[in-house]
Amino acid sequence: MPEIIVYSKSYCPYCQAAKALLTRKGARFTEIDVTSDPEGQRAMAQRAQGRSTVPQIFIDGRHIGGCDDLHALDAAGGLDPLLAG
């Protein structure tokens, strides 16, 4: 099973949608909530090549992007192979 990291904020509907997709796929993920963590948000943005919006999703260290990127990857058939490891 790949390591999946989801940076999120508690009030973000896009974060909820991304996590829901991963959950429907049976993927286990680690959520890093940066709601009240400006240092964590900066670290996320640095890791995500400057992108500071949430969610930011990483699968086995590969930056997937945000919610729209995750759904587009799934629609293109690319998510399941990544989740399979």
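When you line the sequence shown up against this note's numbering, it's residues 421 to 505, in that order.
Cβ coordinates follow ideal geometry from the N, Cα and C atoms, glycine included.
The C-alpha of F449 lies about 22 Å from the C-alpha of G470. Here A437 is near C487, since their CB atoms are less than 8 Å apart. Ranked by how close their Cα comes to the Cα of A495, the residues L441, C435, E423, A463 have L441 in first place. Residue burial annotation: P475 is buried, with at least 16 other C-beta atoms found within 10 angstroms of its C-beta. Counting every other CB atom within 10 Å of its CB across the protein chains shown gives K439 a total of 16 or more, marking it as buried.
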